[in-house]
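Residue numbers (this note's numbering): 1 to 115.
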């Protein structure tokens, strides 16, 4: 999903909740930024070793209360190419309108997450 960095809206990112671990891995050092208290790890390309993004290991309260899409794997748009996620049922691209309806429990959980 195309996203922007909340701390600097001039930086474009791609985000996912399901990275491909056959091509990227986390770099073990954990750090925080000056903007919040999230615990973050860089993500590196397993082929060339370049840092291509970051993983929010533990989001802080401030960020969880801000508008977010629940994705904690962020990729720098100048380092990667985006591709659609395939639906395992029919092998076609996933689209929002085909996602299953949420149950009441899911709705309560979503409200808590995006509060």
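Note that beta-carbon positions come from the ideal geometry of N, C-alpha and C, so glycine has one too.
Review point. Got a sec? Which residues, its chain only, sit under 8 Å from residue 28 by beta carbon, not counting five neighbours each side?
Key: Within the same chain, residue 28 has close Cβ partners 41.
**Study point:** Candidates 23, 53, 61 and 34, of which the one nearest residue 15 by Cα
**Key:** The shortest C-alpha separation from residue 15 is found at 53.
Review point. Which value, in whole angstroms, describes the spacing of the CA atoms of residue 31 and residue 89?
Key: Residue 31 and residue 89 have their C-alpha atoms spaced approximately 39 Å apart.
Check your understanding: From residue 23 to residue 80, what does the alpha carbon distance come to, in whole angstroms?
Key -> Rounded to the nearest angstrom, the two C-alpha atoms are 11 Å apart.
Point to revise | Cβ-based neighbour list, residue 44, same chain, cut-off 8 Å, excluding 5 preceding and 5 following | key: Cβ neighbours of residue 44 beyond the five flanking positions: 24, 25, 26, 27, 50, 51 and 52.
Point to revise | Backbone CA spacing between residue 33 and residue 87 [nearest angstrom] | key: Using only the alpha carbons, I get a separation of about 35 Å.
Practice item. For residue 46, collect the residues of the same chain with a Cβ closer than 8 Å to its Cβ; drop the 5 residues on either side in sequence, then sort them by chain order. Key: Closer than 8 Å at Cβ, skipping near neighbours: 22, 23, 24 and 25.
Check your understanding: If you draw a straight line from the C-alpha of residue 59 to the C-alpha of residue 36, how long is it?
Key -> Rounded to the nearest angstrom, the two C-alpha atoms are 9 Å apart.
**Study point:** Start-to-end residues for the alpha helix (DSSP H) that takes in residue 67
**Key:** Element bounds for residue 67: n/a, residue is neither H nor E.
Exercise for review: Determine the direct distance from the alpha carbon of residue 85 to that of residue 11, and round the result to whole angstroms.
Suggested key: Cα to Cα, residue 11 sits roughly 23 Å from residue 85.
Review point. What first and last residue would you give for the beta strand (DSSP E) that runs through residue 119?
Key: Residue 119 lies beyond the range of the chain shown here (1 to 115); nothing can be said about it.
**Study point:** C-alpha distance - residue 19 paired with residue 62, whole-angstrom precision
**Key:** Rounded to whole angstroms, residue 19 and residue 62 show a C-alpha spacing of 24 Å.
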